[in-house]
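*Asks:* Chains as they are written, first to last, in my numbering: chain A, 492 to 867; chain B, 77 to 388. All C-beta atoms, glycine included, are put in the ideal place defined by N, C-alpha and C. Here it is: the structure, laid out below.
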């Protein structure tokens, strides 16, 4: 069965819609800024890729993630020409941190928070009358994992249309612990650059409407999604397991490595991720006369965690349609392992594109890889 | 379902969940796992590892090189709502008191809500699809449903489902009242009937219709639509319905929230374990499990799942 992306919505530090975000990506505009949400005196790190929607610096609000999710879903439905009514439509929401920022504010600062808002079904019930909703807390691979589940629902005949979303906000606990773990505080996300120091978090949401129905708007064809688990380490990746996920995605999509024109890398700018990802991609694409174009949008959005897989997918769809590939910002001195990659640098690239692969990995050794194809 | 496990104080065997009163004894099930590796595991992870190990062993799939199903073909679906709020809350308190330098780097993985599923996969070598559902009061039944879908979709051959909730000060803070809460876990193994037959292991219960709807009566009506056989066991949601839906008057009721305390994301898995024990022991009719009301502030929907006897 053919599955089409029929609607898209997204918000991030660099834009309030898929179009705004893609324009920023192609122009090399980053959302990097001084940390706004937390008391800066408590951290060594200075920067993040936040959405600037708080009333004043240092004054945080609960439920910001839920509001971005609402906006992204509403925009995706409008884009697909569907009403803002999800009473009969399954919704899968991928996230790393749910509304845990609201939990922090409630626990430490006494900000009121209702436990029912910790999962996103409650917001979606209020706004869209959705009841068949699933908050999938699959770390930073969550939204592409959710995409796999949504595709399965349609292929099994349990639904003809599903909404798949991803959302994350920065929590103070993860920001502080990352700061504690890195030898030096990262100044920015520099995927595959020798000067990388680790990742910085970003904020945002993305949503797509996925449909097996004939007719209507079509942004792209979803060829297949593979998921697996390293079962190796709680935070460090396993390149062999990543390579297996990529090969399975190709098999599910019915494509060979040489059919892939573009790869949206997971590219977090941490040495562990970048080395494992480059090794896996290098293995799978070894022996081709030219490897696909590759880019890593976290260099401009920051690591949007559970939303990052769908942020990359929405960007990939825009690249397929426009033939424009955003550059990797901050990549001036490629690390050794980048020699096997074909990273877009110094400005957007232009090329006719047919098929794109999107990588998304997370803590717990979770790997999800999707393949999408351009539609006429 | 081919294997069950529990890690609940005072519950020695899954069938004990069917006892009408609260379990006697306050033994700590997590004490059954020891070793250096446990040092940096959070409470939810340790409880889940206990229940998961028992369920895998009961299904004839203990970790090891001789396992009948390759680890790449076994998935994990975990359900928990409050599993990692202790790590998150303790960390922000430390940051306020001592800056980021006061935090423990070993706790970074536990800030992500999938930490339980991650350790279950690592500890038992399960490399198939790995899901964590944090889906409110229905989450445990949703987990059983998604385990079945992962198998039906051909992604894995078997799934270890774990539902777990710990009790600690941040959990108490979020619960907002003094009611009793479960500090425990339950686990079960799902595989296709053909897989159980090929391996020669007995199936305890078959997973039937499931629905997640805006209210509990709607969810029950949906899963019972077209079913002829009577409901012999009804596992009720935490917030009981004022009027029982028609056709359930003669069913034995099982109220795990009353006997164990509020179970949140573990409830549906505990109910499924209780119902499978009941069916496996020759209970008459089908079992109906229900979680969530869909009409409370913290409760966006209700789920219902039918479990039925196998081969009788």
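Any beta carbon of chain B sitting closer than 8 Å to that of residue 730 of chain A?
*Replies:* no
*Asks:* Distance check for residue 101 of chain B and residue 716 of chain A, CA to CA, integer angstroms please.
*Replies:* 47 Å
*Asks:* If we count the other Cβ atoms within 10 Å of its Cβ and call it buried at 16 or more, is residue 570 of chain A buried or exposed?
*Replies:* Taking all protein chains in view, the Cβ of residue 570 of chain A is crowded by 16 or more other Cβ atoms within 10 Å, so the residue is classified as buried.
*Asks:* With DSSP as the reference, label residue 125 of chain B as helix, strand or coil.
*Replies:* helix
*Asks:* I'd like to know whether the C-beta atoms of residue 849 of chain A and residue 804 of chain A end up nearer to each other than 8 Å.
*Replies:* yes
*Asks:* What would DSSP say about residue 179 of chain B, mapped onto helix, strand or coil?
*Replies:* coil
*Asks:* In this structure, what does DSSP give as the bridge partners for residue 82 of chain B?
*Replies:* B/262
*Asks:* If contact means a Cβ-Cβ distance below 9 Å, which residues of the segment 719-745 of chain A contact chain B?
*Replies:* 719, 720, 721, 722, 723, 724, 725, 726, 732, 735
*Asks:* According to DSSP, is residue 548 of chain A part of a helix, a strand, or is it coil?
*Replies:* The answer is coil: DSSP assigns residue 548 of chain A none of H, G, I, E or B.
*Asks:* According to the neighbour-count rule (16 or more other Cβ atoms, all chains shown, within 10 Å of its Cβ), is residue 81 of chain B buried or exposed?
*Replies:* That one is buried.
*Asks:* Counting C-beta neighbours from all protein chains within 10 Å, is the total for residue 844 of chain A 16 or more, i.e. buried, or is it exposed?
*Replies:* buried
*Asks:* Just to confirm, are residue 357 of chain B and residue 261 of chain B a CB contact at a threshold of 8 Å?
*Replies:* no
*Asks:* By DSSP, does residue 307 of chain B sit in helix, in strand, or in coil?
*Replies:* strand
*Asks:* Determine the extent of the beta strand (DSSP E) in which residue 330 of chain B is found, giving its start and end residues.
*Replies:* 328-330
*Asks:* Using a cut-off of 9 Å between C-beta atoms, extract the partners of residue 354 of chain B located in chain A.
*Replies:* Ordered by position in chain A, no residue passes the 9 Å Cβ test against residue 354 of chain B, which lies about 27 Å from the chain.
*Asks:* Give the straight-line distance between the Cα atoms of residue 367 of chain B and residue 606 of chain A, rounded to the nearest whole angstrom.
*Replies:* 16 Å
*Asks:* Report yes or no: is there a C-beta of chain A within less than 8 Å of the C-beta of residue 88 of chain B?
*Replies:* Closer than 8 Å: no.
*Asks:* Who are the near neighbours of residue 640 of chain A in its chain, counting only those whose CB is closer than 6 Å to its CB and skipping five residues on each side?
*Replies:* Once the five neighbours on either side are set aside, the close Cβ partners of residue 640 of chain A are 583.
*Asks:* Please state the DSSP three-state secondary structure of residue 569 of chain A.
*Replies:* Note: residue 569 of chain A maps to helix in three-state DSSP.
*Asks:* Ordered along the chain, which non-local residues of its own chain (more than five positions away) have a Cβ less than 7 Å from that of residue 836 of chain A?
*Replies:* 818, 819, 822
*Asks:* Less than 8 Å between the C-beta atoms of residue 602 of chain A and residue 553 of chain A, yes or no?
*Replies:* yes
*Asks:* Measure the alpha-carbon distance for residue 772 of chain A versus residue 790 of chain A and round it to whole angstroms.
*Replies:* 19 Å
*Asks:* Would the beta-carbon of residue 295 of chain B fall within 8 Å of that of residue 379 of chain B?
*Replies:* yes
*Asks:* Listing by chain order, which chain B residues have their CB less than 7 Å from the CB of residue 629 of chain A?
*Replies:* 190, 207, 208
*Asks:* Which residue marks the beginning of the alpha helix (DSSP H) containing residue 350 of chain B, and which one marks its end?
*Replies:* 343-356
*Asks:* Taking the alpha carbon of residue 218 of chain B as the reference point, which residue from B/192, B/249, B/283, B/273 has its own alpha carbon closest?
*Replies:* Put simply, of B/192, B/249, B/283, B/273 the residue whose alpha carbon is nearest the alpha carbon of residue 218 of chain B is B/283.
*Asks:* Going by the beta-carbon positions, is the gap between residue 216 of chain B and residue 239 of chain B smaller than 8 Å?
*Replies:* yes
*Asks:* Mind checking who residue 499 of chain A pairs with in its DSSP beta bridge?
*Replies:* A/699
*Asks:* Taking all protein chains shown into account, do 16 or more other C-beta atoms lie within 10 angstroms of the C-beta of residue 388 of chain B, making it buried, or fewer, making it exposed?
*Replies:* Low local confidence applies: a pLDDT of 46 at residue 388 of chain B is under 50, so the model's placement there is unreliable, and no value is given.
*Asks:* Compare the C-beta of residue 259 of chain B against all C-beta atoms of chain A and say whether one is closer than 8 Å.
*Replies:* no
*Asks:* With burial defined as no fewer than 16 other Cβ atoms inside 10 Å of the residue's Cβ, what is the status of residue 874 of chain A: buried or exposed?
*Replies:* Because residue 874 of chain A is not part of the residues shown, which for chain A are 492 to 867, the question remains open.
*Asks:* Starting from residue 853 of chain A, trace the beta strand (DSSP E) in both directions and tell me its first and last residue.
*Replies:* 846-853
*Asks:* Alpha carbon to alpha carbon, how far is residue 314 of chain B from residue 561 of chain A?
*Replies:* 29 Å
*Asks:* For residue 579 of chain A, count the other beta carbons within 10 Å of its own beta carbon; 16 or more makes it buried, fewer makes it exposed. Which is it?
*Replies:* exposed
*Asks:* What number of angstroms, rounded off, separates the C-alpha of residue 633 of chain A from the C-alpha of residue 326 of chain B?
*Replies:* 43 Å
*Asks:* Please work out which residues of its chain come closer than 6 Å, Cβ to Cβ, to residue 761 of chain A, disregarding the five sequence neighbours upstream and downstream, and give them in chain order.
*Replies:* 689, 690
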